[in-house]
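To start, the structure itself, in structure tokens.
2 protein chains.
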Amino acid sequence: MLNVHLVPHTHDDVGWLKTVDQYYYGDRNDIQHAGVQYILDSVVDQLLKNPDRRFIYVETAFFYRWWKQQSSSMQQTVKQLVNEGRLEFVNGGWCMSDEATTHYSAVIDQMTMGLRFLNETFGPCGRPRVAWHIDPFGHAREHASMFAQMGYDGFFFGRLDYQDRARRMIDKEQELLWRASDSLTPPMADLFTGILPNGYNPPQGFCWDQSCDDPPIRDDPDLEDYNVDDVVNRFLTIASAQAAVYKTNHIIMTMGSDFQYENANLWYKNLDKLIHYVNAQQANGIKVNVLYSTPSCYLQELHRANLTWSLKTDDFFPYADDAHDFWTGYFTSRPALKRYERISNSNLQVTCNQLEVLGGPVSRNGHFGEGDIFSPLTVKLNSQTMAVAQHHDAVSGTEKQHVANDYARRLANGWQHCQVVVSNSLAALSGSSAQRIYCDNLNISVCPLTESSKKFSVNVYNPLARPVTWPVRLPVNGTAYTVSDAKGKAVDCQVSVRNWGFAVNELVFQVQAPPLGYSTYSVSLVKDGPPPTSTKYNASDGNNSQSDQPSGAYIFRPNSSTPFIISQTAKTETVQNSVVQEVRQWFAPWVSQVVRLYADSRALELEWTVGPLPIDDSLGKEVITRLDTSIKTSEIFYTDSNGREVLQRKKDFRPTWHLKQSEPIAGNYYPINSRAFIKDDVDQLTVVTDRSQGGGSIHNGSLEIMLHRRLLYDDVRGVGEPLNETSNIFPEGLVVRGRLLLSLDPPPTAADTHRPLAQEMVLQPLLTFTDGNLNPHTQLEFSGLQAALPPAVHLLTLTQWDKDSVLLRLEHQFQSWESKVNSQPVTINLQKLFSTLEVLGMSELNLSANQWKDEMIRFDWNTFHGYLPIIPFWPVGGTGGKLTDCQKWKEIV
Amino acid sequence: MLNVHLVPHTHDDVGWLKTVDQYYYGDRNDIQHAGVQYILDSVVDQLLKNPDRRFIYVETAFFYRWWKQQSSSMQQTVKQLVNEGRLEFVNGGWCMSDEATTHYSAVIDQMTMGLRFLNETFGPCGRPRVAWHIDPFGHAREHASMFAQMGYDGFFFGRLDYQDRARRMIDKEQELLWRASDSLTPPMADLFTGILPNGYNPPQGFCWDQSCDDPPIRDDPDLEDYNVDDVVNRFLTIASAQAAVYKTNHIIMTMGSDFQYENANLWYKNLDKLIHYVNAQQANGIKVNVLYSTPSCYLQELHRANLTWSLKTDDFFPYADDAHDFWTGYFTSRPALKRYERISNSNLQVTCNQLEVLGGPVSRNGHFGEGDIFSPLTVKLNSQTMAVAQHHDAVSGTEKQHVANDYARRLANGWQHCQVVVSNSLAALSGSSAQRIYCDNLNISVCPLTESSKKFSVNVYNPLARPVTWPVRLPVNGTAYTVSDAKGKAVDCQVSVRNWGFAVNELVFQVQAPPLGYSTYSVSLVKDGPPPTSTKYNASDGNNSQSDQPSGAYIFRPNSSTPFIISQTAKTETVQNSVVQEVRQWFAPWVSQVVRLYADSRALELEWTVGPLPIDDSLGKEVITRLDTSIKTSEIFYTDSNGREVLQRKKDFRPTWHLKQSEPIAGNYYPINSRAFIKDDVDQLTVVTDRSQGGGSIHNGSLEIMLHRRLLYDDVRGVGEPLNETSNIFPEGLVVRGRLLLSLDPPPTAADTHRPLAQEMVLQPLLTFTDGNLNPHTQLEFSGLQAALPPAVHLLTLTQWDKDSVLLRLEHQFQSWESKVNSQPVTINLQKLFSTLEVLGMSELNLSANQWKDEMIRFDWNTFHGYLPIIPFWPVGGTGGKLTDCQKWKEIV
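Chains A and B, in that order, give the protein sequences. So the first sequence is numbered by full-length UniProt numbering: it starts at 1 and just counts up by one. So the second sequence is numbered by full-length UniProt numbering: it starts at 1 and just counts up by one.
Dropping the structure here:
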């Protein structure tokens, strides 16, 4: 008996063509018809009409909005549905995060937040057993590793390379075991992974949503066009074809799609009939059994089949849905938003939460106002805004312009919110309630205070568990300043002329800040060589002989494999003083770069400024920076996965199938979240990025990174706008600035450099300013730790969990193979960790903090050991019987 | 306090862009998103969620389909909602009939059928109190008269001439008393009539259906774009503007539109909020009260206001929605469908139902099979098909081609169904079970039996209550025949050569049939002056200086006011024999005409054949026939209303407002359902038509009738297709044939001729054939009446009502002023009416047979007596208080 699991579901983007709140309310239906409030209303209604019906819900960002507005009797009803397994949460994070452009720390935070809400609202029955990333455009190994460590039993997704899928269909390897870490002991990072048969859509002809036009089941013989026989026959044909490319006698069909089930009656009424009429054919000897199901129920049946599954150890990047359609553009799309998300993670999520803990209860309600109130169902605004930004159409850059603006606005609001907490906390820690000023526009060298004040102080808060040295660059109008540190010692500082912005000059000095603490610097007015070249690809306009695919928000497709060099020569300027050496280069009016080396720095800084990209030639532009070296790379290079483990990449090659390369550039691009490197036996050149970017190694010894892109055509993947990034504020197009840090090391010790370097790039010191003289009793320096943590250990999370407890995450940040010293195990004494907090008790949780570690028992799966070559045929297996209902929930509840 | 009655409603066309069953199921949503099954599912669900909510439902054709498929518990739930007045039926006929192209007998039948279903399902609480014709394109006085006689308390509609509306808004005369008959004693045909403020749509910005894009109410202050204040202010502005053009302190808003409420939650959720937030403003002194309501509740409040209302005695034709947009084309659109509907009414509805009664129970289950089974909830198929055809996008010709085909197919199916009943009944009445053959294609002179048989008999059944003489024309291949009547007496017959079709010759003879009965004729093979001219208008292609409006299915707009004469001369042929004199004329390959005068005939017959209309000049064509006479008409002419009372028309004039004429032809067209005439003191020329057609009198002494139209542009009123009428069967375009009967009489006696003439045209004899010799015991003649009824009395309905009773309608068919003899009252003795039926008892019902006549108590309304000139100002009145709920239902239940 073939069991067909029908999984009713909706895919609700946390912002895409509309903003997240527009989607929630169903506003701006002229852009896209979608209203999540109505989806949840309708699904609950329809579930109550027939106990066989099932539904899964995914995005807690929406569910939370809805739940808040329900009456207590409706809440009780929903709890009952959850307890009975009729409504099941899958994935359950705040959003379905992007996998190519997110940083693991932000992903863990957003998952934790969503899962916590479900846990506190529904208890164990609300805990998702299945990770569900049906829409992201390629899949990161680090995401699979995180999901495994969060306790998920399995993972389902919809998009993978079309060649990969074709091979897996033939070999029945669309279900597999993913070993997602080369450092964690199996099965710690093993994740059973299933590839859904139709992306996440229903089979052709069986979409009964209000947004679809497929024929409904017409079963009244008195009316025209009775079609039950036709529907049943079409369904049996599809089910049989699907069963032929999967291993067991269970198959899954996703019955839903984007924002479907707003009127769930249409779906369920027809699904009820489908189940009824297909199963009625069992009396005629048809061996097909259809049932309402959920991914966890389906997964359970796969587990019961007790088969041996193939093993995968690489990742699912890049994603191509056809020969000339590589979704590698979005690795770089909207570079300004990508940077703003990254720095917001440092400020809003990490620093703000740390300071809330370190400052104590007064941080939430102090001199500068009130922060978030703790209650089980209140989710902090700063955390919400960061969580929403992880969505696969947020930081990915694949949303409409007005939605990108909304994400940015939310981050700015979140920061407004955090400033209250930071001010309260710093007041408590320093003993000074002087007004703190936040110069949010230092990235464009704007800070009214430093530009006008004759005396001010700078508080430098360092969220890392190790001391840092950091160059402070402030716009000023004076020509000479003195700077002294917390101990009153003079600090070397230099003023140099700036050639753009409002202020005339720039004051530069290096500061040092203690672990998880701050140091305060006082500033007083006294008086008044050849770098890498920037090149570009012209974007394809979708109009050449091989394919009509143009570059767009998702897709990268240059119109030539040879980039155009912007300029062989550059106008240059040199600055050299005791603090920094700089070469300032102008390649074109819209491309400039500063090459910097600070005193005692481990890395060379390339500060690039690109834009507005000219489009008067009617060609989109995708600007890369290319580092050409003499390193012998043998077409191999390395990129990180979500800012954590590093994977090896090889040009024109995929580890698990024989690649037929059709796009020599775009098909060799991979996401770079925090670093990429090339190496040979002697040298390793590591580039640390300040945001997620796309890049590749197209030539021997070369590493290229895409910095900015501006496109004139939509790439026909739904967003419906060219990625042109103009607005009232920047009508000429967007100017983007960023930094790359280059480090050249011997390969065996390179990680000892790039691991801390990348962490410093991710978690930057937060600068706050106070005008005039400080109160003499002000405590100018503070560290929350008794001592710096060892280099291998990263303090990933320190956040208030509830009134009396904090959530602490400590992470070993080195892969097992990359450092002789730092890859070793490390022991930490928690009692001796904090300088001001006493540890009264401790319980270990899973990675997402929604389950006690010792209660986290996951399905075990059989696999072959080691790397598997392509296996041409696989026997069918599975449990034999007919599944009458999903029994999973009886076991769980 | 201004009370705003929000009326949630859906307008569900019984076929238009999709067929009626496609609309029911929600099939072919690619054409139009609409699924009535889901609307009713959803509305019932949502009504249950809040007892304040109301909904009205209109089209019983759909409600019946839905009801049949509901569980008994759901049926119980719906009954409860109806009993509590939360679900209210309005109008309640099988469909919302067209008013310009329907015949009163078919309208009464379809209303009776729908109202009967409601009565038998829901009892008195299901009886609609309000007639609701929100969409038909102009309003007939006869419809208002029928509604009054059916017991409705009031009537609401949405469309009227834009100039008429403008005047009525200024004068606050959008609510009025319509005196809908010049013959019935007031208030018998008085109907309170309300013109809805926005057609039948919600006010701008307040459409919350899934098909609309208006902003939802966003009342969560934690989310973006809180808009409650904006919504409330916009609503108050609109309510206040609306109140300014109506008389009382109650106003109505139709919250719905075409096929809305498929997901009723969207509407109700936002309406709940609207009511809550607007009424909350009462605390701030705002004198507006919003409530869920129904038309009957609103009507009751108007009645309570006890005002004096203006009186209207003419009708609402023609309808123009702008200066060059007269909806007068559909009076003629799809002339073949219009004729098929008319003859089907005669065959399916009248004849078939009469014979079922006369033949007794064996008619339903006899030698030739089984007819409809009687049960309260089974509606006869032949009646259903006729009822559906009355819809305002059916016989009107304003549907898509595939839908027109569906209506025709249904009528053909209905006829297949009836043939069983007719055969059974005639077998019972004649005592012969010989096979009866139906020559359905006699209209195109095709009948295989008569073309090949050497001996056959013709049964002529006459559904009228008076004997008729009728010319029978049969295609034959012999050159000489003998015909004998039921008594064996020879009948004069003639064979003439035909010049088209399959058969070589045509056999013509006059037959006579008794009242409500038949006569049988035997046929045996023996051996082997200047008429009116046809002219045409070229249709507007929407491309001239005054307006872009082209002619289309709805709209008539010729590109010139002078018609093009097809040909001044005609090829002619003359036939003259003892039965008939004919002049056959060919004006063009696509226009021909036969002018006929039968022996003893009261009228001249013009048989026209038009088509396929040539379009190789890329111009649409609208073919008229024009009768030019020396009658001095003074720009006055007369047309009937739905085949019953006759109204006076005057060129470029409307009785109730000062017309600014902008379309000299189209703006002077009126619907002709059965007759039109022109007259002076001496002569009256009456034209009786065989279907509904448009016509006018543009010149003195002239009467023109539009016969056929073929158009190349859509007229942008939604149908989305040009009225081109091509299909596989007639790829070159449609050929249409029809008849006009002309009678020239002295005006005082003209009605004595045209009343019976028109009835004979509407209810034609049904011919059935039997091959070979008849059984000698066959009863060759039969009459169901003891004697013919007097000329003034028309037997409108004789149909089986249930197992033991029949429904009989007798009608005085003369207007009070039109005949000295026949306009007088008449008395009928029912006991002596039928020859084979005994009358055991009798109860008088209202016109629609859903209420005992003596229980029909309608609202009384104050009006001025006599004809009212335009009144420039009217004082505001009304009951003063705030209406908290609609109390109507408490009184009714």
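Ideal Cβ positions, reconstructed from N, Cα and C, are used throughout, including at glycine.
| Asked | Found |
| --- | --- |
| Proximity to A:Cys493 [Cα-Cα], best of A:Leu740, A:Trp470 and A:Phe502 | A:Trp470 |
| Contacting residues, own chain, Cβ-Cβ under 6 Å from B:Ala156 (five flanking each side not counted) | Here residue 156 of chain B turns out to be Phe, not Ala, going by the sequence shown. The answer, listed in chain order, is Trp132, Gly194, Leu196 and Pro295. |
| Interface partners of A:Glu175 on chain B, CB under 9 Å | Chain B residues near A:Glu175: none, gap ~35 Å exceeds 9 Å. |
| Nearest-angstrom Cα separation, counted from A:Arg436 out to A:Lys18 | 36 Å |
| Range covered by the beta strand (DSSP E) that runs through A:Cys352 | Premise fails: A:Cys352 lies in the alpha helix (DSSP H), Cys352 to Gly359, not in any beta strand (DSSP E). |
| Beta carbon of A:Glu301 nearer than 9 Å to that of A:His250 | yes |
| Residue of A:Arg86, A:Asp209, A:Asp21 and A:Pro790 minimising C-alpha distance to A:Pro51 | A:Arg86 |
| Distance CB(B:Pro467)-CB(B:Ala788) smaller than 9 Å | yes |
| Length at least 3, wholly inside the segment 451 to 476 of chain B: the beta strand (DSSP E) runs in chain order | 455 to 462 and 468 to 476 |
| Per-residue burial, A:Lys380 [other beta carbons within 10 Å of its own, 16 or more giving buried] | buried |
| For B:Arg809, the three-state DSSP class (helix, strand or coil) | strand |
| Alpha-carbon to alpha-carbon, B:Leu271 and B:Leu307 | 31 Å |
| Touch test, the segment 180 to 188 of chain A against the segment 142 to 158 of chain A, Cβ-Cβ under 8 Å, three pairs minimum | yes |
| Nonlocal neighbours in the same chain, by C-beta distance under 6 Å from B:Ala758, ignoring five residues either side | Ser674, Arg675 and Val688 |
| Beta-carbon gap between A:Gly701 and A:Tyr670 smaller than 9 Å | no |
| Chain B contact for A:Leu266 (CB, 9 Å cutoff) | yes |
| Strand pairing of A:Phe156, partner residues [DSSP] | A:Trp132 and A:Gly194 |
| Range covered by the alpha helix (DSSP H) that runs through A:Met386 | Leu381 to Ala389 |
| Closer than 9 Å to chain B by CB, A:Gly205 | no |
| Limits of the unbroken beta strand (DSSP E) element including B:Leu271 | Unbroken run through B:Leu271 is the alpha helix (DSSP H), Ala264 to Ala280; no beta strand (DSSP E). |
| Per-residue burial, A:Asp109 [other beta carbons within 10 Å of its own, 16 or more giving buried] | buried |
| N- and C-terminal bounds of the alpha helix (DSSP H) containing A:Phe147 | Arg141 to Gln149 |
| Minimum Cβ-Cβ distance from A:Thr19 to chain B less than 9 Å | yes |
| For B:Asp393 and B:Trp16, the rounded distance between their alpha carbons | 5 Å |
| According to DSSP, residues forming a beta bridge with B:Met761 | None, per the DSSP bridge assignment. |
| Between the CA atoms of B:Phe317 and B:Gly138 - distance to the nearest angstrom | 5 Å |
| Chain A within 9 Å of residue 895 of chain B, Cβ atoms only | Nothing about residue 895 of chain B can be reported from this structure: the residues present for chain B run from 1 to 893 only. |
| Cα-Cα separation between B:Asp616 and B:Ile624, rounded to whole angstroms | 19 Å |
| B:Trp608, enclosing beta strand (DSSP E) - first and last residue | Leu604 to Val610 |
| Three or more C-beta pairs below 8 Å linking the segment 778 to 787 of chain A and the segment 507 to 525 of chain A | yes |
| Boundaries (first-last residue) of the beta strand (DSSP E) holding A:Ile672 | Tyr670 to Ile672 |
| C-beta neighbour in chain B for A:Gly26, strict 9 Å | yes |
| Cβ-based neighbour list, A:Asp214, same chain, cut-off 7 Å, excluding 5 preceding and 5 following | Gly205, Phe206, Cys207 and Trp208 |
| Where B:Ser105 falls: helix, strand or coil (DSSP) | helix |
| Contacts that A:Pro215 makes with chain D (C-beta to C-beta distance below 7 Å) | In the structure shown, chain D cannot be found, because the protein chains are A and B. |
| Other residues of its chain near B:Leu426: CB distance less than 6 Å, five sequence neighbours each side excluded | none |
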